[in-house]
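Those sequence lines, one after another, are chains A and B.
FYI, the numbering for the first sequence is 1 to 266, going by the numbering used here.
FYI, the numbering for the second sequence is 1001 to 1157, going by the numbering used here.
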Amino acid sequence: MKVAVIQFPGTNCEHETLVAARSAGLAGEIFRWNRPAEELTEFDGYIIPGGFSYQDRLRAGAIASKEPVMDALREEAERGKPIIGICNGFQILTESGLLPGLGGVDVALASNVMVSKGEIVRRGFYCAWTTLRCETPARRCSGSFILDKGDLVSMPLAHAEGNLVTADEDLMERLNEEDQIVFRYCDEGGNVEREFPVNVNGSRENIAGICNPEGNVLGLMPHPERSSFAWQLPPTDSAKSAGDMTAPGPGRRIFESMKRYIEVMR
Amino acid sequence: MKINLRVSLKIPDAEAATVKNTLRRRMGYGAVLAELGKERLWSIDVDDSVADPADLARRLARELVNENKESYKATVDSIDFEDGYVPVKVGLRIEDAEAISAQNRLRNRLGFDMVRSVERSSIWKLSLRAEEPERTAEEIAEGLLINPHKDYYEIMR
């Protein structure tokens, strides 16, 4: 099983994302955006990692979404192959319309607005460890294939524009009904508190990750590749204090999900 | 009254160049889009009692414009764009944190008590070889310049 980690100009998480994917048993390579797009067909899955593609010019993800490689990825998605977009990868997938995948650009990932007790207490870039609650049953989505509804996964985030907004008032109901909301920000006990610091960026309904209707394309703002090994975890985490620094971290389950999805869908 | 500061870069504008390249090379506007420029627009609503708006505009520009790399044009109430391009204004339809921050800075820290509100937007200047340039500008705005879930646009003619 071989995955392509897509590298645009300004991507900066491609190496650690590939290391994390390999730790889950996936083979893979970094795929530069200007390689012949047809070469993508030889891969079983795709990851668009984090960073600042095209320096976030115009708005995050907008320029990369117009590259030919995204047309090729759209074709691979239509064949059912898995795609996971992380942070800037999520922004690119929303700008390209692959997420939520309803036919157009249906959401925006806007600047963070942190609200506490009804007041804005902070805006813009934020970096923190977060806990995500899986909102969908196992096998619903390629990136949460081995996770069950209610499972908690912790990983860090670092972004300025992850606040999911939409002008379509019916969209949230549809995403909920179709099980397209895959991850929500929650506290360590799994409670989805609507305000900061649990809702880290003001995202509608605490959304941290969504998938397309078919479930093979997932986008999430936090970084699973940054919690794929025990050595990456906070000092207070029990997995780290156990001593084996190379032991799996919780974020690896996203990549293990992708691997299992590919095995099952082949 | 409204003071408008149209701010443009003296140094090369990498963002404008990237947008131009994307439109020409990736979105099929190679034969249509002759040139593209960008300005930042600060629209500052101030008390009507201000006696010398031109002087106030100069003082506001000192805070909002970095003249080492930017130049500006100030107008009061109306904005007159030059011929030869379609001006497309793009702004946020959701809360603009940078505009709020600028307003608070001007009023609360720098003593501009006459400032009522601050709006920030971008003006994309599209030189187009098209039969209906305004219609083409709308297509470009909707196809690239905005995400309709957080931005709005307005053709400024």
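Don't be surprised by glycine CBs; every beta carbon is placed ideally from N, CA and C.
If you're wondering where the values come from, they're calculated on a predicted model, not measured in any experiment.
- Within 10 angstroms of the beta-carbon of Glu76/A lie 16 or more other beta-carbons, which makes it buried.
- Chain A places no beta carbon closer than 8 angstroms to that of Met1001/B, leaving this residue out of the contacts.
- When Cβ-Cβ separations below 8 angstroms define contact, Val105/A makes contact with chain B.
- By the CB criterion at 8 angstroms, Ser1127/B and Ala1034/B fall inside the cutoff.
- Of all residues in the segment 1024 to 1037 of chain B, only Arg1026 and Met1027 come within less than 7 angstroms of chain A when Cβ atoms are compared, listed by chain position.
- Annotation: Asn216/A is outside any alpha helix (DSSP H) and is labelled neither H nor E by DSSP.
- Neighbourhood of Asn1108/B in chain A, by CB distance below 7 angstroms: empty, with the nearest CB roughly 16 angstroms away.
- For the pair Ser144/A and Thr136/A, the CB atoms are nearer than the 8 angstroms cut-off.
- Shown here, Thr236/A sits in coil according to DSSP, grouped into three states, outside any helix or strand.
- Contact between the segment 95 to 109 of chain A and the segment 158 to 168 of chain A is present, with at least three C-beta pairs closer than 8 angstroms.
- Put simply, of Val1065/B, Asn1068/B, Val1088/B and Arg1059/B the residue whose alpha carbon is nearest the alpha carbon of Gly1111/B is Arg1059/B.
- Contacts between Thr166/A and chain B, judged by CB atoms closer than 7 angstroms, involve His1149 in chain order.
- The beta carbons of Met1/A and Ala20/A sit about 15 angstroms from each other, so the pair does not count as a contact at 8 angstroms.
- Proximity of chain A to Thr1136/B at the Cβ level (cut-off 8 angstroms) is not reached, the minimal Cβ distance being about 17 angstroms.
- The C-alpha of Ile210/A lies about 24 angstroms from the C-alpha of Ser23/A.
- Looking at the DSSP output, Gly51/A sits in a beta bridge with Thr11/A.
- Those residues of the segment 1088 to 1113 of chain B placed with their C-beta closer than 9 angstroms to a C-beta in chain A are Leu1092, Arg1093, Ile1094, Glu1095, Asp1096, Ala1097, Glu1098, Ile1100 and Ser1101, ordered along the chain.
- Taking CB atoms only, Tyr126/A has no neighbour in chain B less than 8 angstroms away.
- Relative to Trp1042/B, the option among Glu1063/B, Ala1051/B, Asp1055/B and Ser1049/B whose CA is nearest is Glu1063/B.
- Neighbours of Ala110/A in chain B, taken as residues at a C-beta separation under 7 angstroms, are given in chain order as Ile1094 and Lys1150.
- Note: Ile1094/B is not bridge-paired with any residue in the DSSP secondary-structure output.
- Contact check for Met265/A against Gly80/A passes: the beta carbons are separated by less than 8 angstroms.
- If the five residues before and after Gly25/A are omitted, its C-beta is found closer than 6 angstroms to the C-beta atoms of Lys259, all from its own chain and listed in chain order.
- Here the C-alpha atom of Ser1078/B lies approximately 14 angstroms from the C-alpha atom of Lys1089/B.
- Counting the other Cβ atoms within 10 Å of the Cβ of Arg1157/B gives fewer than 16, which makes it exposed.
- When DSSP states are grouped into helix, strand and coil, Pro1087/B belongs to the strand group.
- The beta carbon of Ile63/A sits closer than 8 angstroms to some beta carbon of chain B.
- Contact between the segment 36 to 50 of chain A and the segment 117 to 133 of chain A is not established, with fewer than three Cβ pairs separated by less than 8 angstroms.
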